[in-house]
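Per the working numbering, residue 411 is the first one in the sequence shown, and the count goes up by one each step.
Even glycine gets a Cβ: it sits at the ideal position worked out from N, Cα and C.
Have a look at the structure below before the remarks.
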Amino acid sequence: ISSIFEWQWGHIIAYRCSKVQISLSSNQWLDQFCFISALNMLSKCQSLHLAKDEILCVALHPGWIQTDMTSSMGSPPLTTEQSLQAILNTLGRLSEKNAGTFVNWEGNLIPW
């Protein structure tokens, strides 16, 4: 892709990010919280900046997925294939009203 503005395959940009519970009593996850906040802000700002070019930006939560990293954390309900299929379905249903929002793999709005 030489230029995002010349991209002929679509006008959707999805940023993967997570929503986590913040514990103010511990700095253990401070770097992750800062990263997630910055990613959310980037998504919102990009949605405003790129709207004039009809490029849709959303923050997208892929769900709790079964991976090597999550196997010790319980039983994630989604396989990678299920998450991917749901994300592709969601991307196909997004419109301008979703610009700058945070949605999950099923397209449901997640409050900031």
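Query raised in the report: Rounded C-beta distance between A509 and C467? I'm assuming under 8 Å.
Result: The Cβ separation is near 6 Å, so the contact holds.
Report task. Could you tell me if A448 is buried or exposed, where buried requires 16 or more neighbouring beta carbons within 10 angstroms of its beta carbon? Result -> Per the 10 Å Cβ criterion, exposed.
Query raised in the report: Is the distance from the Cβ of N450 to the Cβ of A469 below 9 Å?
Result: Against a cut-off of 9 Å, the Cβ pair of A469 and N450 comes out as a contact.
Query raised in the report: Which full runs of the alpha helix (DSSP H) of 4+ residues lie inside the region 434-514, going along the chain?
Result: Listed in chain order, the complete alpha helix (DSSP H) runs (minimum 4 residues) inside the region 434-514 are 440-460 and 490-503.
Requested in this report: Taking 9 Å as the cut-off, decide whether the C-beta atoms of T480 and P486 are in contact.
Outcome: Taking 9 Å as the Cβ cut-off, T480 and P486 qualify as a contacting pair.
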